[in-house]
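J.:
2 protein chains.
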Amino acid sequence: MKIALAQINTTVGDIRGNTKKIIDYIDAARKLNIDLVVFPELAICGYPPEDLLLKNNFIESNLHSLHDVVDKTENIAVILGFVDKDRDGIYNSAGVIQDKKLIGVYHKILLPNYGVFDEKRYFKEGKEVKVFEISGEKIGINICEDIWGNDIVKYDREKGAEIIINISASPYHYKKIKERENIISNKARNYNVPIFYCNLVGGQDELVFDGASMIFDKVGNLIGRAKQFEEDLLVYEDGVNCRIEKIPDEEEEIYKALVLGVRDYVFKNNFRKVVIGLSGGIDSSLTATIATDALGRKNVVGVFMPSKYTSDQSRIDAETLAHNLGIKFVTIPINSILQTYLIALDKEFAGIKRDIAEENLQARIRGNILMALSNKFGYLVLTTGNKSEISCGYATLYGDMAGGFAPLKDVPKTLVYRVAEWRNEINTVIPENVFIKAPTAELKENQKDEDTLPPYEILDRILYYYIEKDKSAEELISLGFEREIVLKVVSMVDRAEYKRRQSPPGIKITPKAFGKDRRMPITNKFAN
Amino acid sequence: MKIALAQINTTVGDIRGNTKKIIDYIDAARKLNIDLVVFPELAICGYPPEDLLLKNNFIESNLHSLHDVVDKTENIAVILGFVDKDRDGIYNSAGVIQDKKLIGVYHKILLPNYGVFDEKRYFKEGKEVKVFEISGEKIGINICEDIWGNDIVKYDREKGAEIIINISASPYHYKKIKERENIISNKARNYNVPIFYCNLVGGQDELVFDGASMIFDKVGNLIGRAKQFEEDLLVYEDGVNCRIEKIPDEEEEIYKALVLGVRDYVFKNNFRKVVIGLSGGIDSSLTATIATDALGRKNVVGVFMPSKYTSDQSRIDAETLAHNLGIKFVTIPINSILQTYLIALDKEFAGIKRDIAEENLQARIRGNILMALSNKFGYLVLTTGNKSEISCGYATLYGDMAGGFAPLKDVPKTLVYRVAEWRNEINTVIPENVFIKAPTAELKENQKDEDTLPPYEILDRILYYYIEKDKSAEELISLGFEREIVLKVVSMVDRAEYKRRQSPPGIKITPKAFGKDRRMPITNKFAN
Numbered sequence: 007m008k009i010a011l012a013q014i015n016t017t018v019g020d021i022r023g024n025t026k027k028i029i030d031y032i033d034a035a036r037k038l039n040i041d042l043v044v045f046p047e048l049a050i051c052g053y054p055p056e057d058l059l060l061k062n063n064f065i066e067s068n069l070h071s072l073h074d075v076v077d078k079t080e081n082i083a084v085i086l087g088f089v090d091k092d093r094d095g096i097y098n099s100a101g102v103i104q105d106k107k108l109i110g111v112y113h114k115i116l117l118p119n120y121g122v123f124d125e126k127r128y129f130k131e132g133k134e135v136k137v138f139e140i141s142g143e144k145i146g147i148n149i150c151e152d153i154w155g156n157d158i159v160k161y162d163r164e165k166g167a168e169i170i171i172n173i174s175a176s177p178y179h180y181k182k183i184k185e186r187e188n189i190i191s192n193k194a195r196n197y198n199v200p201i202f203y204c205n206l207v208g209g210q211d212e213l214v215f216d217g218a219s220m221i222f223d224k225v226g227n228l229i230g231r232a233k234q235f236e237e238d239l240l241v242y243e244d245g246v247n248c249r250i251e252k253i254p255d256e257e258e259e260i261y262k263a264l265v266l267g268v269r270d271y272v273f274k275n276n277f278r279k280v281v282i283g284l285s286g287g288i289d290s291s292l293t294a295t296i297a298t299d300a301l302g303r304k305n306v307v308g309v310f311m312p313s314k315y316t317s318d319q320s321r322i323d324a325e326t327l328a329h330n331l332g333i334k335f336v337t338i339p340i341n342s343i344l345q346t347y348l349i350a351l352d353k354e355f356a357g358i359k360r361d362i363a364e365e366n367l368q369a370r371i372r373g374n375i376l377m378a379l380s381n382k383f384g385y386l387v388l389t390t391g392n393k394s395e396i397s398c399g400y401a402t403l404y405g406d407m408a409g410g411f412a413p414l415k416d417v418p419k420t421l422v423y424r425v426a427e428w429r430n431e432i433n434t435v436i437p438e439n440v441f442i443k444a445p446t447a448e449l450k451e452n453q454k455d456e457d458t459l460p461p462y463e464i465l466d467r468i469l470y471y472y473i474e475k476d477k478s479a480e481e482l483i484s485l486g487f488e489r490e491i492v493l494k495v496v497s498m499v500d501r502a503e504y505k506r507r508q509s510p511p512g513i514k515i516t517p518k519a520f521g522k523d524r525r526m527p528i529t530n531k532f533a534n
Numbered sequence: 007m008k009i010a011l012a013q014i015n016t017t018v019g020d021i022r023g024n025t026k027k028i029i030d031y032i033d034a035a036r037k038l039n040i041d042l043v044v045f046p047e048l049a050i051c052g053y054p055p056e057d058l059l060l061k062n063n064f065i066e067s068n069l070h071s072l073h074d075v076v077d078k079t080e081n082i083a084v085i086l087g088f089v090d091k092d093r094d095g096i097y098n099s100a101g102v103i104q105d106k107k108l109i110g111v112y113h114k115i116l117l118p119n120y121g122v123f124d125e126k127r128y129f130k131e132g133k134e135v136k137v138f139e140i141s142g143e144k145i146g147i148n149i150c151e152d153i154w155g156n157d158i159v160k161y162d163r164e165k166g167a168e169i170i171i172n173i174s175a176s177p178y179h180y181k182k183i184k185e186r187e188n189i190i191s192n193k194a195r196n197y198n199v200p201i202f203y204c205n206l207v208g209g210q211d212e213l214v215f216d217g218a219s220m221i222f223d224k225v226g227n228l229i230g231r232a233k234q235f236e237e238d239l240l241v242y243e244d245g246v247n248c249r250i251e252k253i254p255d256e257e258e259e260i261y262k263a264l265v266l267g268v269r270d271y272v273f274k275n276n277f278r279k280v281v282i283g284l285s286g287g288i289d290s291s292l293t294a295t296i297a298t299d300a301l302g303r304k305n306v307v308g309v310f311m312p313s314k315y316t317s318d319q320s321r322i323d324a325e326t327l328a329h330n331l332g333i334k335f336v337t338i339p340i341n342s343i344l345q346t347y348l349i350a351l352d353k354e355f356a357g358i359k360r361d362i363a364e365e366n367l368q369a370r371i372r373g374n375i376l377m378a379l380s381n382k383f384g385y386l387v388l389t390t391g392n393k394s395e396i397s398c399g400y401a402t403l404y405g406d407m408a409g410g411f412a413p414l415k416d417v418p419k420t421l422v423y424r425v426a427e428w429r430n431e432i433n434t435v436i437p438e439n440v441f442i443k444a445p446t447a448e449l450k451e452n453q454k455d456e457d458t459l460p461p462y463e464i465l466d467r468i469l470y471y472y473i474e475k476d477k478s479a480e481e482l483i484s485l486g487f488e489r490e491i492v493l494k495v496v497s498m499v500d501r502a503e504y505k506r507r508q509s510p511p512g513i514k515i516t517p518k519a520f521g522k523d524r525r526m527p528i529t530n531k532f533a534n
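Protein chains in written order, with the numbering used here: chain A, 7 to 534; chain B, 7 to 534.
(1) Where do the ends of the beta strand (DSSP E) carrying D476 of chain B lie?
(2) Within 7 Å of any Cβ in chain A, is that where the Cβ of Q210 of chain B sits?
(3) What does the alpha-carbon distance come out to for the pair K106 of chain A and D244 of chain A?
(4) What is the rounded straight-line gap between the Cα of G132 of chain B and the Cα of E143 of chain B?
(5) Beta-carbon within less than 6 Å of T337 of chain B's beta-carbon, same chain only, minus the 5 sequence neighbours each way: which residues are those?
(6) Note down, in chain order, each residue of its chain lying with its Cβ closer than 8 Å to the Cβ of D523 of chain A, except the 5 sequence neighbours on either side.
(7) Thinking C-beta only, is Y347 of chain B closer than 7 Å to G373 of chain B?
(8) Counting only runs of 4+ residues fully inside the segment 384-412 of chain B, write out the alpha helix (DSSP H) ranges in chain order.
(9) Residues bridged to N247 of chain B by DSSP?
(10) Going by beta carbon distance, what residues of the same chain come within less than 6 Å of I14 of chain A, once the five residues before and after it are set aside?
(11) Hey, is M498 of chain A's beta-carbon within less than 7 Å of any beta-carbon in chain B?
(12) Per DSSP, which one or two residues make a beta bridge with V241 of chain B?
(13) Tell me the start and end of each unbroken alpha helix (DSSP H) in the segment 153-222 of chain B that is at least 4 residues and wholly inside, in chain order.
(14) Can you give me the start and stop residues for the beta strand (DSSP E) that Y5 of chain A sits inside?
(15) Residues in the same chain with beta-carbon distance under 8 Å from I491 of chain B, minus the five sequence neighbours each way, listed in chain order, please.
(16) Once DSSP output is grouped into helix, strand and coil, what is the label at F64 of chain B?
(17) Quick one: what's got a C-beta closer than 7 Å to T298 of chain B's C-beta in the same chain, skipping five residues either side?
(18) Residues of chain B with a CB under 7 Å from the CB of A363 of chain A: which are they?
(19) Can you give the beta carbon distance from R127 of chain B to N98 of chain A, rounded, assuming they're within the 8 Å contact cut?
(20) Which value, in whole angstroms, describes the spacing of the CA atoms of E474 of chain A and K518 of chain A?
(21) Quick one: give me the first and last residue of the alpha helix (DSSP H) that E463 of chain A is part of.
(22) Sort B:I362, B:M377 and B:V387 by Cα distance to M377 of chain A and report the nearest one.
(23) Does K275 of chain B have its Cβ less than 7 Å from a Cβ in chain A?
(24) Taking any Cβ of chain A, which residues in the segment 152-174 of chain B have a Cβ under 7 Å from it, in chain order?
(25) Quick check: what's the CA-CA separation for L284 of chain A versus S291 of chain A?
(26) Whole beta strand (DSSP E) runs in the segment 317-368 of chain A with 3 or more residues, listed along the chain?
(27) Can you tell me where the beta strand (DSSP E) holding N148 of chain A begins and where it ends?
(28) In three-state terms, what does DSSP make of V281 of chain A?
(29) Taking contact to mean 3 or more Cβ pairs, one atom from each stretch, closer than 8 Å, check whether the segment 397-411 of chain B and the segment 433-442 of chain A are in contact.
(30) Since I338 of chain A meets chain B, which of its residues come closer than 9 Å, beta carbon to beta carbon?
(31) Would the segment 266-281 of chain B count as touching the segment 244-256 of chain B if we require 3 or more Cβ pairs under 8 Å?
(32) DSSP state of I98 of chain A, grouped into three classes?
(33) Can you give me the Cβ contacts of K3 of chain A inside the same chain, cut-off strictly under 7 Å, excluding the 5 residues immediately before and after it?
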C-alpha cells in the first residue's frame, strides 16, 4: 500500500480555495499511484475557524465541499478533516473516502480546551473509536489531541487496526516537534502499530502550524518526516526507504516560524507590502529582516523617524540595515510635529515637568506616520516590540505598538539577539554595531532600557517562570531572584494587561504566548 | 427560617477585599437574626477570574480565605462561592458553612463554555447533586448554569431537597432578567419547590452583573427581588412579605448597566478621573453623561479638538453639554498639528490626492492629545464609539478608538439615541440639537455618516441579524434587505475584525457583544 501525507497550507474560511487545493493534491497523488492520500485536521475549512463554526452557512458550505472532494476520488482513497453535523451538533471530523464514496466518518473524541484551544466551545465529543478497511488494510483513524491523550490508540488496536492515521493541526512552539515525536513514537511502540501523522502547515493569526508530518514504524522508529514550515507530500511505500527531512536548530526553526507567520498573515489578509519603523535597534532590524525574507525586498519599506534624541549612530545603523536588505528607506523627522503638539498642550501642561507624556507623544507621532503611510499606500504596518517589552508594558500604546501584526511579540529580547545572530550567519544584514550597543528607546536624553528594566538576561528568566510557568512572586524569590526585582517585574506585567489587550496579534513561538493563549482579566487585584 | 441573599460587588483577584466584605455582610446578617446568608458564585475570588485560575497560589489564597470566613460564622449558616481543589483538578464550588464548620462542598455540574464563558478551560465537572440540612431544612444547592440546564433541580428534589438555593454570576444583557425569571419560575413550579437565586452585582471588564437576586415560591410566583445594579441584602422570612424591587424599562436598565460598568472599570482599576473627546455628537454626549453620573462631575474632563472641518454648531453643542453636566471643558485645536504632519509627509504623499489617510490623521491627533492628557494627569480615556461604528469599522484605529474603555461599544446607534432620550427626560443635559442633526465625523468637508453607511435604522437591523443571530448574507436578503446594502455591510463587518481586536473593552449589553463573546478569526476568507 502506498500512502501519501499531503501537508497543505489551508486558509481559514477559504472553503473553495482549500477544496481546490485538496483536489489538486489528490490528482497529483493519483499520478504517483498513491492508494491513500491523507490531509490535515479541518482541511476543508481551515484551522482554527473559531466562531465561524457558529454560522450555519459555514457548516453547510464545508459539507458541500466535502462532496465535491468525494466526486474527485476515482481510483484513490482519501482521509481529510471537515466539520460533520448531526441533530445533536457539530463534530471535528475525518472523512474516509474511497473511489467516489464517503465510506465513513470519524468524530474526534478528545477535544482540547486549554491554551489556544477552544474546541469544547464548538464541537460535540465523538463517542466511538473507528477502524476502516481501505485496500485490504485495517486503519484506525484519529484526530490530533486523540493521540496525545490516553487510550484511543489502544481501542483502535482492540478494534483490529493494523495502521494508525492521525490528522492534526498542531500549532508550533519551540521544542514542540520533539514532544510530538516522543508522544507518537511511544504510542507506536506501546501498541506495536505503525503511525502516520499528517500535520497542517501555515500561519493563521497568532498561530503557525509547522507541518513536519511524520511516520513511525511499529517499534516506534521515525521512518519518514516531511518538511517543516512548507507544503509537502510525503510518500510512503512498503519496503521503500522514506524521506526524513532534517529539523533545524532552535534559532533557525524559530526564524522560519516567524518568516512563515509573517508571510501568511500578510498575504492571506490580501496585503502585498509592509512598512516598518526602523530605529537602528535590534528589534526593528530583525523584524525588517524577517519581513524581507518572507515577502521579498520590494515589499518592505523601512521608515526612519528621528527626533532630537536620536543619535547619528542610530541613523547609520538603520540606513545600513536597509541598504544591506535592499529595501526602500524613508526618513521622516518628527521634531517639528512634536513641537506643535507641545504648543497645543502648553496651556494644559504649564508648570508641570516633562515626563512619560512627552516620551509617549514621540512614539505616537511615529505610529501616526506609519499608519498614514499604511492608509495612503495600502501597506500593513509591522510592529517591532518583543515579548520582554510587551510583558512589562515597556512600549507605547498607539505608538510603537501601532500596527497590524507583531512578529516578535512572543520572542523574548535575549532570544531576539540569538535569532538575529543566527540569521546574520547566512549573510551579514544586521550591522554588527546593533548587537553591541545598549538597547534604548531614545525618547529622552541618554535613555537606556536598563534605566527602567532589569538586565534582559535576568528579566527574561523571571518572565519565563512568571508567564510560562505561572510561578508566584514568592516562588520566584525562592528560586534565587532578588525580591525587589521580582516584585517590580510582576507588578509591571500585571499592570500592562490593558496594553496587551489592544496590541496586534503576533506569532506564538513559546509554550505560552500572549493573546488567546494567556487570558488574564484587566481588572485584577490579585497580589501575586 | 430566615434567609438573606447577600448580593455583593466583588472584585476579581481581590481575595482579601472580597473576604472582608463577605465577613462584614455575615456580621450584618447576624444582627438581623438571619439563619442563613447566601453569597454569589465565586464570591471569594470574583468572577470570572480567567487564567488566574491556572495559578496555584491564587487557588491556595482563595482556600485560605474560605477558612477565614468559616471562622466568622458563629451562630449563622453561610453558602458562598469559592474554588475547590482535589487531586483531579479545581471546581467551581459552593461552600456550606454553619457555626464555624465547613459542613459540605458542592461542585458545579454544568459548566458553561459558550458566549463569554470558558469554564471548561479551568474546571472539572462536579459529579454529584448535593442536599444539605441547615437548621432542620433540607436545602439543594446548585450554581448558575446548573439551574439553566436540565435535571439538576429534579435530582435535588429526589434527594429530598425542600428548598433550592442557586448562587450565580449571571452577566447582564437586555431582556436577560426576564429569561432568568422564566427559567427559575418554571423550575420552581415544575418541581414544586421554592428557589432562592443569589446573583452577583458589579462590573468586570466587558461584563456587568446586574444582581436582581430573586425568590420564587413553590408554585413559581416571584415573591422577592433585590435591587438591580446595586449591592443589596434581600431578607426572607416565612410568613412575612418580602421586598420586590421594580425592574426599570429597557432604556433605563441599559443606562444603569452602562453607569455601573463605567464606575467599576474606572475605580477597580485605580483610576479616579476620565477624559473624553467631545465632538458635539450624540455618542460623546452620552458617554460624558454616563461618566458624569458614574463618577461625579469633578471626575470628568471634556476635550473639544476642532479642526477646520469642525462646525461652530459642534462647538456650541459640546460646550453646552459640558456646561449642563458641570464638567471641565478644554479646547485644543488640531489644525496646526495636522499641518506639520502634512509637511513631514509632503514628499511621500506628493501628487496623490487627499483620502482616508488625511482623515485618519485628524482622528489620530485627537487620540494622541487625549492620551497625552491621560499620561500627564492619570486620567483614563473613555472612547465614544458605538456598536454600529465598531461593527463596520467606521472608526479610526489609534484615533477615536484610542482609550482604556469603550462604554458604548455594544450599544447600536439607534439605541444610543433611545438611551440618551431617556436620560434627558430626567433633566436636559444633552442639547436638543444633538438629537436632530445628522451624524458626522467632520473629517472632511460636508461629511455625513450616511455618505459611507446605510441609514442607521437599516444598518442596525442588518447588524442585529448578522452579528447577534449569525445569519448569512443570503438569509438577510431573503428577509427583505437590499442585496447591495447587505453585501456591503457584511463585507465591512468582516474586514473590520482587525480593528476590533485592538479596541478597548466595552460593556456587554446585548446577547452578543464583541470581545470574548464573538471570537472571529482576523485571517478569514469565508464569503458570508
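Even glycine gets a Cβ: it sits at the ideal position worked out from N, Cα and C. None of the values given here were measured: they were computed from a predicted structure.
T.: Concretely, from the data shown:
(1) Note, D476 of chain B: premise wrong, no beta strand (DSSP E); not H, not E.
(2) Cβ-Cβ to chain A under 7 Å: yes for Q210 of chain B.
(3) So the alpha carbons of these two residues sit roughly 25 Å apart.
(4) C-alpha separation (whole angstroms): 23 Å.
(5) Within the same chain, F310 come within 6 Å of T337 of chain B by CB-CB distance, once the 5 residues on both sides are set aside.
(6) Within the same chain, D523 of chain A has close Cβ partners G121, V122, E212 and K514.
(7) Their beta carbons are not under 7 Å apart, which means G373 of chain B does not touch Y347 of chain B by this criterion.
(8) Qualifying alpha helix (DSSP H) stretches, in chain order: 393-398.
(9) Secondary-structure assignment with DSSP links N247 of chain B through no beta bridge to anything.
(10) Setting aside the 5 residues that flank it on each side, I14 of chain A is surrounded in the same chain by K27 and E237, each with a C-beta closer than 6 Å to its C-beta; the list follows chain order.
(11) Using a Cβ-Cβ cut-off of 7 Å, M498 of chain A does not count as an interface residue toward chain B, since no Cβ of chain B sits closer than that to its own.
(12) For V241 of chain B, which the question treats as bridged, DSSP gives the partners B:A10.
(13) Runs found: 158-164 and 182-197.
(14) Since the first residue of chain A shown is 7 and the last is 534, residue 5 of chain A is not available in this structure.
(15) Cβ within range, chain order: P460, I464 and I468.
(16) Correct three-state label for F64 of chain B: helix.
(17) Residues V306, L331 and I333 of the same chain have their beta carbon placed closer than 7 Å to that of T298 of chain B, with the five preceding and five following residues left out of the count.
(18) Those within 7 Å of A363 of chain A in chain B are A378, N381 and K382.
(19) Their Cβ separation, rounded to whole angstroms, is 17 Å, which puts R127 of chain B and N98 of chain A out of contact at 8 Å.
(20) Taking the straight line from one Cα to the other gives about 5 Å.
(21) Taken as a continuous stretch (DSSP letters only), the alpha helix (DSSP H) holding E463 of chain A covers Y462 to L469.
(22) Measuring from the Cα of M377 of chain A, the nearest candidate turns out to be B:I362.
(23) A small fix is needed here, since residue 275 of chain B is Asn in this sequence, not Lys. By this cut-off, N275 of chain B is an interface position.
(24) Listed by position, the residues of the segment 152-174 of chain B near chain A (Cβ gap below 7 Å) amount to none.
(25) Near 7 Å, if we compare the C-alpha coordinates of S291 of chain A and L284 of chain A.
(26) DSSP runs (the beta strand (DSSP E)) wholly in the segment 317-368 of chain A: 334-337.
(27) E143 to I149 is the span of the beta strand (DSSP E), which, as asked, contains N148 of chain A.
(28) For V281 of chain A, the secondary structure class from DSSP, reduced to helix, strand or coil, is strand.
(29) No, because fewer than three Cβ pairs between the segment 397-411 of chain B and the segment 433-442 of chain A fall closer than 8 Å, the two stretches do not touch.
(30) The CB of I338 of chain A comes closer than 9 Å to the CB of A350, L351, K353 and E354 in chain B, given here in chain order.
(31) The segment 266-281 of chain B, when compared against the segment 244-256 of chain B, does not touch it at the 8 Å Cβ threshold.
(32) The sequence given here places Asn at residue 98 of chain A; Ile does not occur at that position. DSSP places N98 of chain A within a strand segment (E or B) once states are collapsed to three.
(33) With chain A covering 7 to 534 only, the question about residue 3 of chain A has no answer from this structure.
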